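Going from the sequence shown to my numbering is simple: count from 1 and add 4.
Ideal Cβ placement from N, Cα and C applies to all residues, glycine included.
Keep in mind the model is a prediction, meaning the values are calculated, not measured.
What follows is a set of notes on a single structure, which appears directly below.
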Amino acid sequence: MNESVIKVEKTTIGIASDHAGYFLKCRIIDYFRKNNIDFKDFGAYNDESSDYPEYAHLLATAVLSGECRLGISICGTGNGINMTVNKHQGIRSALCWNEEIARLARAHNDANICALPGRYISEPEAILMVRTFLSTEFEGGRHLRRILKIPLKSN
Ligand code: RB5
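Here is the structure:
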């Protein structure tokens with residue numbers, strides 16, 4: 005086989021937070037480093053008050069372009085950053101608060117971003133959710149039919 009035509013799958017994981025998710029983001033980045041998971045950090049880069057859309061749009065754009073295979077986003081409740089990335093057509097971001105929800109977000113919804121409520125979950129819970137989200141495959145089948153019906157039809 006001609007080696008030049010072998011497709012190398014991009015495995016970089018994108019991550020973004022606002023100030024409220026900053027410390028949990030740092031712990032998740034520690035987990036990435038420990039496990040040799042390639043990642044790109046889209047900010048925020050400190051815990052000074054900031055606006056989650058600034059980082060959310062960068063993350064969503066990187067996931068849509070294929071620069072990042074999947075994304076992790078964190079704000080205080082997870083809601084603001086989740087709402088923002090979901091404005092991008094083609095992003096399916098799931099607000100996750102336990103491991104089973106994170107697993108089903110991938111298995112049933114083919115979610116490409118996992119949104120976490122940084123102020124309401126512990127570090128071990130977050131790591132468990134991230135690990136499961138990144139390692140679960142989409143099941144396809146009836147779930148594919150359903151996710152294909154999510155986008156609004158343009159006329
Ligand atoms: C910041 O205080 C907080 O409002 C934000 O992180 C997030 O929870 C918004 O949805």
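Span separating the alpha-carbon of residue i from that of residue j
| i | j | result |
| --- | --- | --- |
| R150 | T136 | 22 angstroms |
| N50 | Y56 | 13 angstroms |
| E141 | C30 | 26 angstroms |
| F46 | G145 | 33 angstroms |
| N113 | R107 | 10 angstroms |
| T15 | I32 | 16 angstroms |
| E7 | N40 | Its pLDDT being 49, under 50, E7 is placed unreliably in this model, and the value from its coordinates should be taken loosely. If you take the alpha carbons of E7 and N40, they lie about 25 angstroms apart. |
| L156 | L148 | 16 angstroms |
| F111 | T81 | Looking at the sequence itself, residue 111 is Ala, so the reference to Phe does not match. Distance between the alpha carbons of A111 and T81 is about 23 angstroms. |
| M5 | K153 | Because M5 carries a pLDDT of 46, less than 50, the predicted location of this residue cannot be relied on, and no value is offered for it. |
Check: residue i C-beta below 7 angstroms from any heavy atom of ligand 1
| i | result |
| --- | --- |
| D169 | The structure shown does not extend to residue 169, since the chain spans only 5 to 159, so no value can be given for it. |
| Y56 | yes |
| N83 | yes |
| C72 | no |
| G80 | yes |
Whether residue i touches residue j by CB criterion (8 angstroms)
| i | j | result |
| --- | --- | --- |
| S77 | S158 | no |
| F27 | F36 | no |
| L138 | I17 | yes |
| A115 | S126 | no |
| C72 | G122 | no |
| I117 | L74 | yes |
| I95 | V67 | yes |
Beta strand (DSSP E) segment containing residue i, residue limits
| i | result |
| --- | --- |
| C118 | I117 to P121 |
| A20 | I17 to S21 |
Span of the alpha helix (DSSP H) around residue i
| i | result |
| --- | --- |
| S54 | Here S54 belongs to no alpha helix (DSSP H), and DSSP marks it neither H nor E. |
| S139 | E127 to S139 |
| L148 | R146 to L152 |
| Y99 | In the sequence on display, residue 99 carries Leu and not Tyr. First-last for L99: S97 to L99, but that is the beta strand (DSSP E), not the alpha helix (DSSP H). |
| E143 | Unbroken run through E143: none, as it is neither H nor E. |
| L156 | Segment: none, L156 is in no alpha helix (DSSP H) and carries neither H nor E. |
| R109 | Per the sequence presented here, residue 109 reads as Ala, with Arg not at that position. Per DSSP, A109 belongs to the alpha helix (DSSP H) from E103 to A111. |
May I have a chain-ordered list of the beta strand (DSSP E) segments no shorter than 3 residues that lie completely inside the region 30-90?
-> Fully enclosed beta strand (DSSP E) runs of no fewer than 3 residues occupy 43-45 and 74-79 of the region 30-90, in order along the chain.
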